[in-house]
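Novice: Handing you this structure, nothing more for now.
Residue numbers (our numbering): 207 to 337.
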């Protein structure tokens, strides 16, 4: 998928692994050369709340990614107040965005900002390694 923000363009490859542990044997292949991770979960599901920590460990920590290279979408099916939702156990530096079907613009703008933020980080690293 190609993304542009008016000044830069990024090519993005997205893998949806469902988070289901039945596919766990495939996770190392998905992580190979990953530059970032986006975790999407349903905050209304207590099962997802506990699995988010596992997904973070696998797709961020095991891939040696920084917290800034991870974006979490807490995507609810309806309008449920954030205070009524459980909390997930992630480092405070991991950006978590509350989304729902009624606010698709939030998801799109946060996704775009994340992609270009990661792209800038990668360019800065490449610049440092060339010096």
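Using N, Cα and C, we set each Cβ at its ideal position, and we do this for glycine too.
(1) List the residues that DSSP assigns as beta-bridge partners of residue 276.
(2) So, helix, strand or coil for residue 291, using DSSP?
(3) Flag this pair as yes or no: are the beta carbons of residue 244 and residue 280 separated by less than 8 Å?
(4) Just grab the DSSP bridge partners of residue 227 for me.
(5) Return the residue from the list 238, 230, 320 that minimises the CA-CA distance to residue 276.
(6) Apply the 10 Å Cβ neighbour rule to residue 247 and answer buried if 16 or more other Cβ atoms are within range, or exposed otherwise.
(7) Going by beta-carbon coordinates alone, are residue 268 and residue 313 separated by less than 8 Å?
(8) In terms of residue numbering, what span does the beta strand (DSSP E) encompassing residue 216 cover?
(9) Report the partner residues of residue 238 according to the DSSP bridge assignment.
(10) Would you mind reading off the limits of the beta strand (DSSP E) that contains residue 304?
(11) Quick one, which of 284, 296, 297 has its alpha-carbon nearest residue 306's?
Specialist: With the structure as the only source:
(1) 243
(2) Unreliable placement is indicated for residue 291, whose pLDDT of 47 sits below 50; the coordinate value is still reported in the next sentence. In the structure shown, residue 291 sits in coil (DSSP, three-state: anything other than H, G, I, E or B).
(3) no
(4) In DSSP, residue 227 forms no bridge with anything.
(5) 320
(6) buried
(7) no
(8) 215-217
(9) Its beta-bridge partners do not exist; DSSP assigns none.
(10) 301-306
(11) 284
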